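Take a look at the structure below.
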Amino acid sequence: MTAARRRWLYATVAALFVALVLFAWHTFRAERGTDTAQPVATAQPVDTATPLAEQGVQGGTRVSPSNTLGAPVPAPETSSDAEDHADGSPIDPWWRRVPPVAGDLVPIDRFASGHVRITRAGEHLLVTISDLRVASYDAELPTVRVLLSEGAVVGERRGYWTRQGADDDLGTIPSDVGTITFDIEAPRGIPDPVRSLVLLDPDSGEVLGGAALIPTD
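Take 23 as the starting number for the sequence shown in this note's numbering and just add one per residue.
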């Protein structure tokens, strides 16, 4: 055998040896990877009679509500919170976000004068009428009826009440009371917004006067 053929034979044998070593190495790595693979969890039986949302099930596993950090999900709003936002709006109701408001009483169908001021003290709404004077041409008025109204009172020397929306009846007061304050606790039943205070004859329902309520300091 010539020297050239011997060199060719040696090179072929070396190449085959390298190929066998590489094949054995890859086979060994593949077997190790199979041995260290994590076992696959088998599916747990699920109660098909109850909706998943009621079972608290996610992907077949019962879990407790939590956020992405694992902390418990906050409890839903209480009924008192829902009452504060009865219309579904996240904005606070009028009695929390607007007062103090104030305005002067002006005659409408008959005569009324005085000053109205509404302020908030914590969870109380204070409605104060001061220097009250009322009159009706055809009868004496021992008492007057007081309304908080969503309707507007328009006018300066003599006004007009656009009776629309909701009203809240604060009750009747003596016509000669002079100054009085209504203390309303947690007033969730009043109109939103309150645009005016109106005085009525409690017997006939005739409108004596009213005051437009404007935000003030």
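Yeah, the Cβ is synthetic: ideal placement off N, Cα and C, and Gly gets one too.
All values derive from a computational prediction rather than experimental measurement.
Closest Cα partner of residue 189 within the set 219, 166 and 44: In the sequence shown, the residue the question calls residue 189 occupies position 167. For residue 189, the nearest C-alpha among the options comes from 219.
CB-CB length for residue 175 against residue 166, believed under 8 Å: Within the sequence shown, residue 175 is the residue found at index 153, counting from 1. Within the sequence shown, residue 166 is the residue found at index 144, counting from 1. No, residue 175 and residue 166 are not in contact; Cβ-Cβ is about 15 Å, not under 8 Å.
Bridge-paired residues (DSSP) for residue 183: Position 161 of the sequence shown, counted from the first residue, corresponds to residue 183. Bridge partners of residue 183: 175.
Beta strand (DSSP E) runs wholly inside the segment 119 to 165, at least 3 long, in chain order: Taken in chain order, the unbroken stretches of beta strand (DSSP E) that lie wholly in the segment 119 to 165 and span 3 residues or more are 123 to 129, 133 to 143 and 146 to 157.
With 16 other Cβ atoms within 10 Å as the buried cut-off, status of residue 113: As a working mapping, residue 113 is identified with position 91 in the sequence shown. Burial check for residue 113: the Cβ neighbour count within 10 Å stays below 16, so the residue is exposed.
Option in 148, 146 and 152 with minimal Cα separation from residue 137: By 1-based counting over the sequence shown, the position of residue 137 is 115. Answer by Cα proximity: 152.
Inter-stretch contact (C-beta, 8 Å, three-pair minimum) for the segment 117 to 128 and the segment 228 to 236: With a cut-off of 8 Å, the segment 228 to 236 and the segment 117 to 128 count as touching, because enough Cβ pairs lie within range.
Under 8 Å between C-beta atoms of residue 231 and residue 200: The sequence position of residue 231 within the sequence shown is 209, counting from 1. The sequence position of residue 200 within the sequence shown is 178, counting from 1. No, Cβ-Cβ distance for residue 231 and residue 200 is not below 8 Å.
Cα-Cα separation between residue 64 and residue 46, rounded to whole angstroms: The residue you call residue 64 lines up with position 42 of the sequence shown. The residue you call residue 46 lines up with position 24 of the sequence shown. Note that residue 64 scores 48 on pLDDT, short of 50, meaning its location in the model is unreliable; the coordinates nonetheless yield the value given after this. Separation of residue 64 and residue 46 (C-alpha to C-alpha, rounded to the nearest whole angstrom) is 34 Å.
Inter-residue CB distance, residue 214 and residue 115 (contact presumed, cutoff 8 Å): For the purposes of this step, residue 214 is taken as the residue at position 192 of the sequence shown. For the purposes of this step, residue 115 is taken as the residue at position 93 of the sequence shown. Residue 214 to residue 115, Cβ: 5 Å. Contact.
Coarse secondary structure for residue 220, derived from DSSP in three states: On the sequence shown, residue 220 is found 198 positions in, with the first residue counted as 1. For residue 220, the secondary structure class from DSSP, reduced to helix, strand or coil, is strand.
Close-in-space but distant-in-sequence residues of the same chain around residue 117 (CB under 7 Å, 5 per side omitted): Against the sequence shown, residue 117 aligns to sequence position 95. The beta carbon of residue 117 sits closer than 7 Å to the beta carbons of 142, 147, 209 and 212 from its chain, once the five residues preceding and following it are set aside; these are given in chain order.
Beta-carbon proximity check, residue 239 vs residue 158, cutoff 8 Å: The count along the sequence shown starts at 1 and reaches residue 239 at position 217. The count along the sequence shown starts at 1 and reaches residue 158 at position 136. Cβ distance not < 8 Å, so residue 239 and residue 158 don't count as in contact.
Residue(s) in a DSSP beta bridge with residue 234: Position 212 of the sequence shown, counted from the first residue, corresponds to residue 234. Per DSSP, 218.
Buried or exposed (CB count within 10 angstroms, at least 16 for buried), residue 134: Along the sequence shown, read from residue 1 onward, the residue named residue 134 stands at position 112. It is buried - the Cβ of residue 134 has at least 16 other Cβ atoms within 10 Å.
Nearest-angstrom beta carbon gap, residue 149 and residue 206 [assumed within contact, 8 Å]: Within the sequence shown, numbered from 1, the residue matching residue 206 stands at position 184. Within the sequence shown, numbered from 1, the residue matching residue 149 stands at position 127. Rounded, the Cβ-Cβ distance is 7 Å, consistent with contact.
Nearest to residue 161 (by Cα), restricted to the options 49, 203, 173 and 226: Taking the sequence shown and counting its residues from 1, one reaches residue 161 at position 139. In terms of CA proximity to residue 161, 226 leads the group 49, 203, 173 and 226.
Option in 31, 169 and 131 with minimal Cα separation from residue 187: The residue labelled residue 187 in the question sits at position 165 within the sequence shown. Per the Cα distances, 169.
Buried versus exposed call for residue 217 [16 or more other C-beta atoms within 10 Å across all chains shown]: Residue numbering aside, residue 217 sits at position 195 when the sequence shown is read from its first letter. With at least 16 other beta carbons inside 10 angstroms of its own, residue 217 counts as buried.
7 Å Cβ shell around residue 251 - same chain, five flanking residues per side excluded: Here the chain comprises residues numbered 23 to 239, so residue 251 is not present and cannot be evaluated.
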